[in-house]
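As given, the protein sequences belong to chains A and W, one line each in that order.
This note's numbering puts the first residue of the first sequence at 1, with every later residue one more than the last.
This note's numbering puts the first residue of the second sequence at 1001, with every later residue one more than the last.
All C-beta atoms, glycine included, are put in the ideal place defined by N, C-alpha and C.
Report on the following structure.
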Amino acid sequence: MPVLVYTENAGGKFKKSIFEVVSYAKAIADAQSTTLTAISIGDVSADDLALLGKYGADKVLNVSADKLKNFVNQAYASVIAEAAKSEGADIVVLSNSFSGRGLAPRVGAKLDAGVADGAVSLPELSGGKFSIKKTAFSGKAFAVVELTSAKKVIALTPNSYQVVDKGTSAKVEDFSVDVKESDFKAMLKEIVRSTDKISLPDADIVVSGGRGLKGPENWGMVEELANLLGAATACSKPVSDAGWRPHSEHVGQTGIAVSPNLYIAIGISGAIQHLAGISRSKVIVVINKDPEAPFFKVADYGIVGDAFEVVPKLIEAVKAYKATA
Amino acid sequence: MKILVCISNVPDTTTKITFTSNNTQFNAAGVQFILNPYDEIALARAIELTDGGNGTVTVINVGDVGTEPTIRKALAIGATDAVRVNAVAHDAWFVAKQIAEYAKANAFDLILTGRESIDYNGSKVAAMVGELLDIPSVSIIKKLDISGSHATVEREIEGGKEILSIPLPFIAGTAEGVAEPKIPNMRGIMSARTKPLQVIEPVDVALNLEVTAYETPAPRGQVKLVSADETAKLVDLLHTEAKVI
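Shown next as structure tokens:
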């Protein structure tokens, strides 16, 4: 019985986090001595579908019905559950993305499966138990959950698993399912994408600003540094509460939890709620004029200094580095 | 309009999270519990939507008697009445089953909850209730307007948003942007004491998940400080030592 992985696309393209999910699902399939079937729903080109094979899918089910071109939570959940049934898959894996978080519980309920959301590691299989580590308490801790049902749904946190290029290929098959009309009640009217910016949950590098920047007019240098590094911009809660930056940039316990390779915090003191949201960052750099700022206690690298002095110098240093790299 | 708001009782955001019994139990000693911040947003929007006698807001919580201060807080903020399902909230599936059972017997036009609770962060209850009631569910909404029998919602996606039109009834998980949390006033606090709080017994649920252990993140090493004049050195460290650029 294969493992099934749902590979969501954004505007017909797969993001890096989806290749992470495929690689992760492949590792689960290998551990279960079985194959990996991917299911793609929407308008994805043959070239892009082939990439799923490269990262480990043995077979790809391609659902391209007109009605399913745009994401509809209820209908997509039905398609994924039907695919799991027709493949005989006991394990369904998807991304813990914004859409995945709406899908996983519905697929779980349809399949009578326990749902491990926010997974950050491969399942531990011992003594007939199936346990997974997941984020909890908004980044302040992890919980190990055991799924006791025969069927299991796992939603993987982005940036938690390395993409593995297997260099293999998959056979692509068209797949169609009859989805009941009442699954299409929610109607998509418009998608607004900010194409010029790197999305925060997907970013490898995040440059984040806090109250120390004194006002929204001073974000130019944050954006310049982010652009140079190919980073997303973020902010602390007081900054989004004050309306200096949009809520979608708020990182912390009651905002977005991020896990980039590099998190650069500028003028953020490091309140416990903010630290919760960034605890899974691989490397943390803190720039703050207060040497007693709590953020330095969790940082890997730090500069004690005024942001208005340090950041322009850092921008010059990054430019110099890029010129020689 | 009848609105049901699902609320959760969670550790205050300032809580330092620790565990006991060989890291198998959450250490609740000395922890202040609060109304889940995202649920506060759901509640605030529900109160706005029913403003001026245009409907009722019922809050529901699955918890033991210890969650009643949080339920009273929701009543003080402005909920019409409350229901407590008398059981420890085992996990999202258990909670969703209880809420769906109650909602089936009491037709609601709209069900709201926070995008996630800040303890287990699952974002699962809304979609599970949606599936159990066979109604649309929409996760992580940033805007909610209702006109007649339809709602327009903005849903967060990576790097943008989707605008959807959804017929009532449906269930949604709310985030910042939907409403500003409301602070209870003195009249609210006084009236909360006498507002109806119904306690009902749970239905049986076939469980499929157990939390078996907890871990706290590994501590980081000592911070390496670089002087403000040595930004080039920092860039070099990030490249050669940390290997992140």
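(message) What does the alpha-carbon distance come out to for the pair Leu225 of chain A and Ile315 of chain A?
(response) Residue 225 of chain A sits at position 225 when you count from the first residue of the first sequence. Residue 315 of chain A sits at position 315 when you count from the first residue of the first sequence. Rounded to the nearest angstrom, the two C-alpha atoms are 6 Å apart.
(request) Could you run through the region 1030 to 1049 of chain W and flag, in chain order, every residue whose CB is less than 9 Å away from some CB of chain A? (result) Within the region 1030 to 1049 of chain W, the qualifying residues are Pro1037 and Tyr1038.
(request) With a threshold of 16 other CB atoms inside 10 Å of the CB of Ile303 of chain A, please say whether the residue is buried or exposed. (result) Counting from one through the first sequence, the residue named residue 303 of chain A turns up at place 303. The residue is buried, with at least 16 neighbouring Cβ atoms inside 10 Å.
(message) DSSP has Arg193 of chain A in a bridge; who is on the other side?
(response) If you number the first sequence from 1, residue 193 of chain A lands on position 193. The partner list for Arg193 of chain A (beta bridge, DSSP) reads W:Gly1160.
(request) With a cut-off of 8 Å on the beta carbons, I'd call Gly1055 of chain W and Lys197 of chain A a contact; round off their distance for me. (result) Along the second sequence, one-based indexing puts residue 1055 of chain W at 55. Along the first sequence, one-based indexing puts residue 197 of chain A at 197. Actually they are not in contact, since the Cβ atoms of Gly1055 of chain W and Lys197 of chain A sit about 39 Å apart, beyond 8 Å.
(message) Going residue by residue through the region 1148 to 1195 of chain W, where are the continuous alpha helix (DSSP H) segments of at least 4 residues, counting only ones entirely within it?
(response) Within the region 1148 to 1195 of chain W, complete alpha helix (DSSP H) segments of at least 4 residues are found at 1186 to 1192, given in chain order.
(message) Contact defined as beta carbons within less than 8 Å: I believe Thr1252 of chain W pairs with Glu82 of chain A. What is the distance between those atoms, to the nearest angstrom?
(response) Outside the modelled stretch of chain W, which goes from 1001 to 1245, sits residue 1252 of chain W, for which no answer is possible.
(request) Give me the Cα-Cα distance between Trp219 of chain A and Val311 of chain A, rounded to the nearest whole angstrom. (result) Mapped onto the first sequence, residue 219 of chain A falls at position 219. Mapped onto the first sequence, residue 311 of chain A falls at position 311. Going by the C-alpha atoms only, they are around 11 Å apart.
(message) Could you tell me the alpha carbon to alpha carbon distance between His1150 of chain W and Leu1197 of chain W, rounded to whole angstroms?
(response) The residue given as residue 1150 of chain W occupies position 150 in the second sequence. The residue given as residue 1197 of chain W occupies position 197 in the second sequence. Approximately 30 Å, taken between the alpha carbons.
(message) Just to confirm before moving on: does the CB-CB distance between Ala276 of chain A and Lys140 of chain A stay below 7 Å?
(response) To locate residue 276 of chain A, count along the first sequence from 1; it is residue 276. To locate residue 140 of chain A, count along the first sequence from 1; it is residue 140. Yes.
(request) Measure from the C-beta of Arg193 of chain A to each C-beta in chain W and report whether the shortest distance is under 7 Å. (result) Residue numbering aside, residue 193 of chain A sits at position 193 when the first sequence is read from its first letter. Answer yes: the Cβ-Cβ gap between Arg193 of chain A and chain W drops below 7 Å somewhere.
(message) Could you give the first and the last residue of the continuous beta strand (DSSP E) run that contains Tyr263 of chain A?
(response) Numbered from 1 along the first sequence, position 263 holds the residue referred to as residue 263 of chain A. Note, Tyr263 of chain A: beta strand (DSSP E), Leu262 to Ile266.
(request) Classify Thr1015 of chain W as buried or exposed, calling it buried when 16 or more other Cβ atoms lie within 10 Å of its own Cβ. (result) Residue numbering aside, residue 1015 of chain W sits at position 15 when the second sequence is read from its first letter. With 16 or more neighbouring CB atoms inside 10 Å of its own CB, Thr1015 of chain W falls in the buried class.
(message) Using only CA atoms, which one of W:Asn1023, W:Glu1154, W:Ile1071 and W:Pro1169 lies nearest to Thr1194 of chain W?
(response) Reading the second sequence from its first residue, position 194 is the one you call residue 1194 of chain W. The residue from W:Asn1023, W:Glu1154, W:Ile1071 and W:Pro1169 with its alpha-carbon nearest to that of Thr1194 of chain W is W:Ile1071.
(request) Using a Cβ-Cβ cut-off of less than 8 Å, give me the residues of the region 94 to 122 of chain A that come near chain W, in sequence order. (result) Residues of the region 94 to 122 of chain A with a Cβ closer than 8 Å to any Cβ of chain W, in chain order: Ser97, Phe98, Ser99, Arg101, Gly102, Leu103, Ala104, Pro105, Arg106, Gly108, Ala109, Lys110, Asp112, Ala113, Gly114, Val115, Ala116, Asp117 and Gly118.
(message) What residue range does the beta strand (DSSP E) around Ala116 of chain A cover?
(response) Start at 1 with the first residue of the first sequence, and residue 116 of chain A comes out as number 116. First-last of the beta strand (DSSP E) with Ala116 of chain A: Gly114 to Ala119.
(request) Just tell me which of A:Tyr263, A:Leu262 and A:Ile278 has its CA closest to the CA of Gly252 of chain A. (result) Translated into positions along the first sequence, residue 252 of chain A becomes position 252. Checked all of A:Tyr263, A:Leu262 and A:Ile278; the closest Cα to Gly252 of chain A is A:Ile278.
(message) Can you give me the C-alpha to C-alpha distance between Thr1018 of chain W and Leu1209 of chain W, rounded to a whole angstrom?
(response) Position 18 of the second sequence holds residue 1018 of chain W. Position 209 of the second sequence holds residue 1209 of chain W. Whole-angstrom Cα-Cα distance: 22 Å.
(request) Can you tell me which of the three DSSP states Phe130 of chain A falls into? (result) Numbered from its first residue, the first sequence carries residue 130 of chain A at position 130. Here Phe130 of chain A sits in strand by DSSP.
(request) Please decide whether Gly42 of chain A counts as near chain W, where near means a Cβ-Cβ distance under 7 Å. (result) Indexing the first sequence from 1 puts residue 42 of chain A at position 42. For Gly42 of chain A, no Cβ of chain W is located within less than 7 Å of the residue's own Cβ.
(request) Could you name the residues of the same chain whose beta carbon sits closer than 6 Å to that of Val44 of chain A, not counting the 5 residues immediately before and after it, in chain order? (result) The residue you call residue 44 of chain A lines up with position 44 of the first sequence. Short of 6 Å from the beta carbon of Val44 of chain A, and not among the five residues preceding or following it, lie these beta carbons of its own chain, in chain order: Asn9 and Gly12.
(request) Tell me Glu173 of chain A's beta-bridge partners as DSSP assigns them. (result) Looking up residue 173 of chain A in the first sequence gives position 173. Partner(s): A:Leu61.
(request) Please determine, among W:Asn1036, W:Asp1236 and W:Ser1021, the residue with the shortest C-alpha to C-alpha distance to Pro1069 of chain W. (result) To locate residue 1069 of chain W, count along the second sequence from 1; it is residue 69. The residue with the shortest Cα to Cα distance from Pro1069 of chain W is W:Asn1036.
(message) Need the endpoints of the alpha helix (DSSP H) that Ser99 of chain A sits in, please.
(response) As a working mapping, residue 99 of chain A is identified with position 99 in the first sequence. Annotation for Ser99 of chain A: the continuous alpha helix (DSSP H) segment containing it runs Phe98 to Leu111.
(request) Can you give me the start and stop residues for the beta strand (DSSP E) that Val1056 of chain W sits inside? (result) Numbered from its first residue, the second sequence carries residue 1056 of chain W at position 56. Strictly speaking, residue 1056 of chain W in this sequence is Thr, with Val absent from that position. Residue range Thr1056 to Gly1063 is occupied by the beta strand (DSSP E) that includes Thr1056 of chain W.
(message) Which of the three DSSP states is assigned to Glu1230 of chain W in this structure?
(response) As a position in the second sequence, residue 1230 of chain W is number 230, starting the count at 1. Residue state for Glu1230 of chain W is assigned as coil, using DSSP reduced to three classes.
(request) Using a threshold of 7 Å, state whether the C-beta atoms of Ala119 of chain A and Ile154 of chain A are closer than that. (result) Here residue 119 of chain A is taken as the residue at index 119 of the first sequence, counted from 1. Here residue 154 of chain A is taken as the residue at index 154 of the first sequence, counted from 1. With respect to the 7 Å criterion, Ala119 of chain A and Ile154 of chain A are classified as neighbours on the basis of their beta carbons.
(message) Which of the three DSSP states is assigned to Glu1040 of chain W in this structure?
(response) On the second sequence, position 40 is the one that residue 1040 of chain W refers to. DSSP places Glu1040 of chain W in helix when its eight states are reduced to three.
(request) Leaving aside the five residues before and after Ala1127 of chain W along the sequence, list all residues of the same chain whose C-beta is less than 7 Å from its C-beta, in chain order. (result) For the purposes of this step, residue 1127 of chain W is identified with residue 127 of the second sequence, where counting begins at 1. Hits under 7 Å: Ser1137 and Ser1139.
(message) Considering Cα atoms alone, identify which of A:Phe308, A:Gly270, A:Arg280 and A:Lys67 is closest to Pro291 of chain A.
(response) Position 291 of the first sequence, counted from the start, is the residue given in the question as residue 291 of chain A. Residue A:Gly270 holds the alpha-carbon nearest to the alpha-carbon of Pro291 of chain A among A:Phe308, A:Gly270, A:Arg280 and A:Lys67.
(message) Out of A:Ser248, A:Ala27 and A:Ser182, which one is the CA nearest neighbour of Pro201 of chain A?
(response) In the first sequence, the residue the question calls residue 201 of chain A occupies position 201. Pro201 of chain A has its Cα closest to that of A:Ser248, out of A:Ser248, A:Ala27 and A:Ser182.
(request) Would you list the residues sitting across from Arg1084 of chain W in a DSSP beta bridge? (result) Residue 1084 of chain W sits at position 84 when you count from the first residue of the second sequence. The partner list for Arg1084 of chain W (beta bridge, DSSP) reads W:Asn1061 and W:Val1199.
(message) I'd like to confirm the pairing. Which residues does DSSP put opposite Gln1025 of chain W in its beta bridges?
(response) What you label residue 1025 of chain W is simply residue 25 of the second sequence in a count that begins at 1. Answer is W:Thr1020, bridged to Gln1025 of chain W.
(request) Determine, using beta-carbon pairs with one atom in the region 159 to 177 of chain A and one in the region 49 to 58 of chain A, whether at least three such pairs fall under 8 Å. (result) Flag = yes, the region 159 to 177 of chain A and the region 49 to 58 of chain A touch.
(message) I need the DSSP call for Pro216 of chain A, collapsed to helix, strand or coil.
(response) To locate residue 216 of chain A, count along the first sequence from 1; it is residue 216. Of the three classes helix, strand and coil, the one that applies to Pro216 of chain A here is helix, per DSSP.
(request) Count the other CB atoms, across all protein chains shown, that sit within 10 Å of the CB of Ala1239 of chain W; report buried if there are 16 or more and exposed otherwise. (result) Here the question's residue 1239 of chain W lines up with position 239 in the second sequence. A small fix is needed here, since residue 1239 of chain W is His in this sequence, not Ala. Burial call: exposed.
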